[in-house]
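**Q**
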Amino acid sequence: MEENKEKTVKKRQECDPAYQWHIQDLYASDEAWEKDYESLTSEIQSLAAYEGRLKEGSEVFVEYMRKKEALMKKFEAIYVYANQRYHEDTGNSFYQGLAGKAQTLSIQLDSAVVFEEPELLAIATRIGELLGFYPQCQPILLAIGKKTIDSWFTQNMDMQLYKRYFYELFRQQKHVLSKEEEAILADVSDMSADVSNIFSMFNNADIRFPSIEGKEGEKIPVSHGRYTLLLESRDVNIRKSAFESVYSQYGQYRNTLAALYAANLKNTAFFAKKRHYNSSLEMALEGGEIPTSVYTNLIDTVHEHMDLMHRYVSLRKKALKAEELHMYDLYAPMVDEFEMKVPFSKAKEIVKKGLAPLGKEYGKVLSDGMESGWIDVYENEGKRSGAYSWGAYGCHPFVLMNYQDNLNNVFTLAHEMGHSMHSYYSDKNQPYIYAGYRIFVAEVASTCNEALLMEYLLKNTEEKKEKMYLINYFLEQFKGTLYRQTMFAEFEKITHEMAWNKEPLTAEVLCDIYYKLNQKYFGEDIVIDKEIALEWARIPHFYTPFYVYQYATGYSAAIAISRKILSGDERAKEGYFKFLSGGSSMNPIDLLRLCNVDMAAKEPIESALKLFGELLDEMEEML
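Our numbering puts the first residue of the sequence shown at 1458, with every later residue one more than the last.
#1: Around the Cβ of N1958, are there at least 16 other Cβ atoms within 10 angstroms (buried) or fewer (exposed)?
#2: Thinking just about the alpha-carbon of each residue, which of L1714, E2071 and E2078 is nearest to the one in M1766?
#3: Under DSSP, the alpha helix (DSSP H) around Y1707 begins and ends at which residues?
#4: Do A1956 and L1642 come within 8 Å of each other at the CB atom, strictly closer than that value?
#5: Would you mind giving the Cβ-Cβ distance between E1836 and V1466, rounded to the nearest angstrom? I have them listed as a contact below 8 Å.
#6: If we count the other Cβ atoms within 10 Å of its Cβ and call it buried at 16 or more, is G1557 buried or exposed?
#7: Among the candidates A1716, E1838 and P1854, whose CA atom is the shortest distance from the CA of G1548?
#8: Assign L1599 to one of two classes, buried (16 or more other C-beta atoms within 10 Å of its C-beta) or exposed (fewer than that).
#9: Just confirm the distance between the C-beta atoms of L1434 and R2020, as a whole number of angstroms; I'd bet it's less than 8 Å.
#10: Does V1856 come out as helix, strand or coil in the three-state DSSP assignment?
#11: What would DSSP say about K1676, mapped onto helix, strand or coil?
#12: Does DSSP put D1884 in a helix, in a strand, or in coil?
#13: Please state whether DSSP places I1480 in a helix, a strand or coil.
#14: So what's P2061 in DSSP terms, helix, strand or just coil?
#15: Which term fits Y1845, buried or exposed, when burial requires 16 or more other beta carbons within 10 angstroms of its beta carbon?
#16: Sort S1649, F1999, A2015 and K1531 by Cα distance to E2060 and report the nearest one.
#17: From this set, L1511, Q1861, S1646 and E1960, which residue's C-alpha is nearest E1576's C-alpha?
#18: In the DSSP assignment, find the alpha helix (DSSP H) that holds S1515 and state where it starts and stops.
#19: Thinking just about the alpha-carbon of each residue, which of L1910, G2040, E2077 and A2029 is nearest to the one in D2055?
#20: Under the three-state reduction of DSSP, which class applies to F1931: helix, strand or coil?
#21: Residues in its own chain within less than 8 Å of A1946 by CB, not counting five upstream and five downstream?
#22: Under DSSP, the beta strand (DSSP E) around S1568 begins and ends at which residues?
#23: Here's a check: name, in chain order, each residue in its chain whose Cβ is nearer than 6 Å to the Cβ of E1526, leaving out the five neighbours to either side.
#24: According to DSSP, Y1845 sits in a beta bridge with which residue or residues?
#25: Check whether the Cβ of R1691 lies closer than 7 Å to any heavy atom of the ligand HEM, and answer yes or no.
#26: If you count every other CB in all the chains shown that lies within 10 Å of the CB of Q1617, and 16 or more means buried, which is it?
#27: Among N1859, A1485 and H1762, whose alpha-carbon lies nearest the alpha-carbon of F1801?
#28: I'd like to know if the stretch 1897-1916 and the stretch 2043-2057 are in contact, where contact means that at least 3 CB-CB pairs between them fall below 8 Å.
#29: What are the boundary residues of the beta strand (DSSP E) that includes S2041?
#30: How about the stretch 1529-1543 and the stretch 1624-1633: do they share at least three Cβ pairs that are nearer than 8 Å?
#31: With DSSP as the reference, label S1829 as helix, strand or coil.
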């Protein structure tokens, strides 16, 4: 059997196992899982027994860390297996139960090691003088005297593994308060989280949108999930109606939502000030070792190339043959429908060819992964929607897909395998403690794969319609990921600075800021509809301060890397594999510098925008 031919969605047990992931590579059976679960449940308390003992010396610390890492690896396998089984069929009550048990175990494990960081922090007396030694990989444990440093790091070679660990633990020491103050902030933090929860409940559970009228007079329900699809309609009346339906509701609650958002900004400013940061931005970025200059550099560089976005808008207006282009027209297809049937077997071959510039070794691992049970390919009844890559240390990654025979899904395959290859190389080359990678770089490998695949397809198609479809796909990524996310980032920067300075943040103020940003980013060749001023009110990411910019920086880095690889830059290619293998053994900026890409500079963003300009040139010629 090659592919699913039927239109009906099958039950899990009816699907061909050849297209299912080999979850048995984690546990051969549910019984084996249960055995490990019971074992870990009893072993967790052995960690709690170390409370109060870490200060005894390096031998005790190393013993504790080795035990913790062994149990964490076991827990990872338990957790991933239970959740992957659950995602195979979310209606399966047995695996619902296993996922619930794994979640409970997670809480128990966290509780058992809660003493670790406070206890180690309590050991420190003067960390500041040691931080400067870190780039030269000098001992940075704690400033508790030369004798102790010598004994912990020079006399016990097993401690060398934990230099980075201690650096991460203590580099923000100046922002850690007294035990009593930390206890107060912990209580306040619990309460401040309510703001995000309130917005989530409002946005996901309470708000309802009026239905709209379809072409035949039928009623079309509008929801969060359906909204983007409606904006992609070829019928301008449907797009306009959906747009007005959504914002009519947010408009009714504009004052409530402004108060809620302002409260979130005030919460962030409160914690940043109490922890002696210079800004809310600094506090948000320092956790990931990202200088604030990276954030401001992104905004400044995009500003310098705003003409490209304005060209894109003009191109869109021309493609849609619109007398007036509106905000609700920004997602409508610019090219005629293009159907390209790509069965999964062909998709794998296309991805292999597209990623060939990464070399034979990468190609072999990629091919082995796609053929040996990394991927759960097709939709089945009850299966979790979407696509993702996930896994546990010591086992290959797993990719969940709901593959459909089209080009979009080919890109999804390349994207998720990018995540998987990143995890594979990091797990292979890093000890458990440093194998995971940070959010700042999480989308680089996946997007780099998409960019390489796109370049391959563009070079190997002769059909104008197909080429226009591909370029349109690429242009939309630039619009949505680089420009739009940077606009979000700029909105956050402005509003958080206002909250820091205790300036009023009413609905009128927020709407005015957001409306003017849309004018700046989209230019004069589009009608900036008054409703778009309310868009800030429906963006959940704004309740996780200074998160969205990473989509734009990650995308820029990936495009820059792909361009360097395709140009034959061997240094960048060699560095890319070091990046993939780096996990969290270095800070994200230094990891990307291995690829000859410096996100603290303008060059990667400019490189990405240069490609955007080239794509615009090509599309303008074809229209």
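From the three backbone atoms N, C-alpha and C, an ideal C-beta is built for every residue, glycine too.
**A** According to the structure data:
#1: exposed
#2: Cα-wise, what sits closest to M1766 is E2071.
#3: V1693 to Q1709
#4: no
#5: 6 Å
#6: exposed
#7: Minimum Cα distance to G1548 is reached at E1838.
#8: Annotation note: pLDDT 38 at L1599 (below 50); position unreliable, coordinate value reported separately. So L1599 counts as buried.
#9: This structure leaves residue 1434 out entirely; the chain is present only between 1458 and 2080.
#10: strand
#11: Secondary structure of K1676 (DSSP, three-state): strand.
#12: If DSSP states are grouped into helix, strand and coil, D1884 belongs with the helices.
#13: helix
#14: helix
#15: exposed
#16: A2015
#17: L1511
#18: S1515 to E1545
#19: It is A2029.
#20: helix
#21: Y1752, L1755, I1756, F2003, V2005, Y2006 and A2009
#22: That residue, S1568, is in no beta strand (DSSP E); its alpha helix (DSSP H) goes S1550 to A1569.
#23: Y1889
#24: L1857
#25: You won't find the ligand HEM in this model; it holds no ligand whatsoever.
#26: By the neighbour-count rule (16 or more Cβ atoms within 10 Å), Q1617 is not buried but exposed.
#27: N1859
#28: yes
#29: Run containing S2041: none; DSSP gives neither H nor E here.
#30: no
#31: coil
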